[in-house]
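Chemist: Quick one: the structure is below, and I'll ask about it shortly.
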Amino acid sequence: MEARRILVAGSGGIAAYKLPEVVRALVQAGHDVRCALTPEATRFVSPLVLQALTQSPVRHALFDPSEESQIDHISLADWAELVVVAPATANVLAKLAHGLADDLVTAVLLATRARILVAPAMNVNMWEHPATRENVERLRGRGVAFAGPEAGELACGWVGQGRMAEPLDIAAAAELELGAESLAGARVVVTAAGTREAIDDVRSLTNRSSGRMGFEIAGEAARRGAEVVLVAGPTPLSTPAGVERLDVESALEMRDAVLREAETAQIIVKAAAVADFRPAAAVHGKIKKENLAPDTGMTLELVRNPDILAELCASKGDRVVVGFAAESEELIPAAQRKLARKGCDLIVANDVSRADAGFDVDTNAVSFVWPGGEVEELPLLSKRDVASRLLDRIEALRAKRRAGSGEGRV
Ligand code: PMT
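If you want the working numbering, it's the 1-based position in the sequence shown plus 5.
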C-alpha cells in the first residue's frame with residue numbers, strides 16, 4: 006500500500022505501553038506516522054520513544070507555545086488521513102461522543118475530517134456501563150471504526166471484555182480503514198432488525214433483534230465504497246455513515262422494499278429477523294378486554310408471511326444473496342437445510358441460544374455454511390468484525406464468478 010499520513014493518538018491507560026508497537030508496525034508498513042498524547046498518556050509511554058520511532062516531534066500539550074509553533078493542533082488534524090486512538094479510554098470515547106475538546110487529543114479529534122479508528126481499553130465494568138454503551142453506539146453511528154476491545158484478563162485483575170486489541174491487529178485495522186474502496190460501483194441491499202406485526206393499533210408481535218448485525222454490515226459495505234440501501238425494521242440505532250435507510254414495520258412492507266431495491270442491486274444480505282407469521286386481521290383501534298367473555302383467553306389467528314429470502318433467490322440471476330439462520334439447536338444441519346430450501350449463495354448461521362451471540366448483543370459467533378457442504382466456523386467476534394469477514398467472503402465470491410471459476414465456498 007502507498008504511504009499514508011496516520012496520526013496515532015494515545016490516551017491515559019496502562020495499555021499505552023503498547024503504543025510503540027502500533028507505531029512501529031505502521032512505520033514499517035511505510036506510512037508517515039506522527040503521534041499525539043494526552044497529558045495522562047505521557048505517564049504510561051515515553052514521548053521520546055515515539056519521537057525516535059516516527060522521527061517527528063510528539064505533541065502532548067494543547068496550549069504549549071513551543072509545541073504549537075512547530076505544528077499547531079489544527080494543522081495536525083488537517084494533516085492526518087487517519088487518526089488512530091490507542092488506547093482509547095472510556096473518558097476519551099465519552100468526550101469524542103459528546104464533542105468535548107479539553108486536551109490536545111480531543112481537540113484534534115474534534116477538528117479532523119479524517120477517518121477515526123479507536124482501540125478501546127478499559128475495565129470490563131466501564132466498557133459495559135450504559136453510558137459507555139451509548140457513547141460507543143453513537144460513535145459507530147457516526148462511522149468511527151473500532152478495533153477491539155478483546156476479552157481476556159485485564160490489567161486491573163478483572164476478566165472480561167476491555168483489553169486493547171493486539172498492536173498488529175490495530176495496525177491491520179488501520180490498513181483496512183485506508184484500504185482501497187473494494188466495493189466501489191456495487192449496489193448492496195441489507196436488511197436489519199425485527200419486523201413488527203400489528204395485532205391492533207397498540208399491540209404487536211415482534212422479536213428481540215436490535216438491528217446491530219445488519220447495521221454493521223451496511224456500515225462496512227459503505228466504508229468499502231458500495232452504494233448501500235439499508236431496509237430496517239423498528240430500531241433506535243442511528244444510520245451508519247454513507248448509508249441510505251428505508252424504515253419499514255411489517256414483513257409485508259419489508260418484502261415490498263427489498264424486492265424493489267433488489268432489482269438494481271448486485272449484493273443482498275438478509276440479516277433481518279422477519280416474523281414468520283402475522284395476525285390474520287389487524288384490528289383497528291384497541292381490542293378491549295371488556296368485549297371478551299370474562300375469564301376466557303383470547304385466540305389469535307396467525308397467517309404465514311411470505312418468505313422474502315426464498316422469493317429473492319427464485320430470481321437471483323448473478324446477484325450474490327446471503328441469508329442468516331438464527332438457530333437454537335442443531336445449528337449446522339438446520340442452517341444447511343435452510344440453505345437448500347431457500348437457495349441462497351451463503352448462509353450465516355448464528356447460535357442464538359448463547360448469551361454472547363445472536364440477538365441484542367455486540368458480539369456474534371457465526372459459521373459460514375456454503376452450498377457445497379463446507380462449513381467455516383468463526384470465533385466469537387464483534388458484530389463489526391463479523392460484518393468485515395462476511396464482506397471479504399462476498400467479495401471473494403464475486404471475484405471467483407468474474408474469473409468464471411464457479412460457485413461454492415471461497
Ligand atoms: O439484530 P441483532 O440484535 O444484531 O441480532 C442479529 C440476528 C440474530 C437477528 C441476525 O444475526 C440473524 O440471525 N438474522 C436472521 C434472523 C432470522 O429470522 O433467521 P431465520 O432463521 O428465521 O430466517 C432465515 C433467513 O430468512 C434470514 O435471512 C431471514 O432474514 C429470512 N427470512 C425469514 C423469514 C421470512 N418470512 N422471510 C425472510 O426473508
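In this text, a Cβ means the ideal position worked out from N, Cα and C, and glycines have one as well.
(1) Compare the C-alpha of alanine 287 against each of Ala8, Lys275, Val308 and name the closest.
(2) What are the start and end residues of the beta strand (DSSP E) that includes leucine 251?
(3) Helix, strand or coil for aspartate 367 per DSSP?
(4) Using the rule of at least 16 other Cβ atoms within 10 Å of the residue's Cβ for burial, across every protein chain shown, is arginine 389 buried or exposed?
(5) Going by C-alpha distance, which of Arg407, Glu400, Thr368, Gly348 is nearest tryptophan 375?
(6) Can you grab the Cα-Cα spacing for the pair glutamate 334 / valine 248, in whole Å?
(7) Taking leucine 122 as the reference, which of Val129, Ala170, Leu81, Glu133 has the closest Cα?
(8) Would you please state the rounded distance, in angstroms, between the beta carbons of aspartate 365 and arginine 213? I believe it to be under 8 Å.
(9) DSSP on lysine 291, reduced to helix/strand/coil?
(10) Please find out if some non-hydrogen atom of the ligand PMT comes closer than 6 Å to the beta-carbon of isoleucine 4.
(11) Can you look up valine 263 in the DSSP assignment and give me helix, strand or coil?
(12) Excluding the 5 residues preceding and the 5 following isoleucine 175 in the sequence, name in chain order all residues of the same chain whose CB lies nearer than 7 Å to its CB.
(13) Indicate the three-state DSSP secondary structure (helix, strand or coil) for glutamine 166 in the structure shown.
(14) Can you check DSSP and say which residues form a bridge with valine 193?
(15) Which stretch, first to last residue, makes up the beta strand (DSSP E) that contains proline 92?
(16) Would you mind reading off the limits of the beta strand (DSSP E) that contains proline 284?
Modeler: The answer reads as follows:
(1) Walking along the sequence shown from the start, residue 287 turns up at place 282. Measuring from the Cα of alanine 287, the nearest candidate turns out to be Val308.
(2) By one-based count along the sequence shown, residue 251 stands at place 246. Looking at the DSSP string, the run of the beta strand (DSSP E) that includes leucine 251 is 248-252.
(3) In the sequence shown, the residue the question calls residue 367 occupies position 362. DSSP places aspartate 367 in coil when its eight states are reduced to three.
(4) The residue you call residue 389 lines up with position 384 of the sequence shown. The residue in question, arginine 389, is buried, as its Cβ has 16 or more Cβ neighbours within 10 Å.
(5) Stepping through the sequence shown from its first residue, residue 375 is reached at position 370. That would be Gly348, whose Cα lies nearest to the Cα of tryptophan 375.
(6) The residue labelled residue 334 in the question sits at position 329 within the sequence shown. The residue labelled residue 248 in the question sits at position 243 within the sequence shown. When rounded, the distance between both Cα atoms is 34 Å.
(7) For this step, residue 122 is matched to residue 117 along the sequence shown. For the residues Val129, Ala170, Leu81, Glu133, the minimum Cα distance to leucine 122 belongs to Ala170.
(8) Sequence index remark: in the sequence shown, residue 365 carries index 360 (1-based). Sequence index remark: in the sequence shown, residue 213 carries index 208 (1-based). At roughly 5 Å, the Cβ-Cβ gap stays under 8 Å, so aspartate 365 and arginine 213 are in contact.
(9) Residue 291 sits at position 286 when you count from the first residue of the sequence shown. In the structure shown, lysine 291 sits in coil (DSSP, three-state: anything other than H, G, I, E or B).
(10) Here the chain comprises residues numbered 6 to 415, so residue 4 is not present and cannot be evaluated.
(11) Counted from its first residue, the sequence shown places residue 263 at position 258. Helix.
(12) What you label residue 175 is simply residue 170 of the sequence shown in a count that begins at 1. Val27, Val89, Ala91, Ala124, Ala152, listed in sequence order.
(13) Position 161 of the sequence shown, counting from 1, holds the residue named residue 166. If DSSP states are grouped into helix, strand and coil, glutamine 166 belongs with the strands.
(14) To locate residue 193, count along the sequence shown from 1; it is residue 188. DSSP, once it has assigned bridges, lists Val233, Ile272 as partnering valine 193.
(15) To locate residue 92, count along the sequence shown from 1; it is residue 87. Run containing proline 92: 87-93, per the beta strand (DSSP E) assignment.
(16) In the sequence shown, residue 284 corresponds to position 279, counting from 1. Note, proline 284: beta strand (DSSP E), 282-284.
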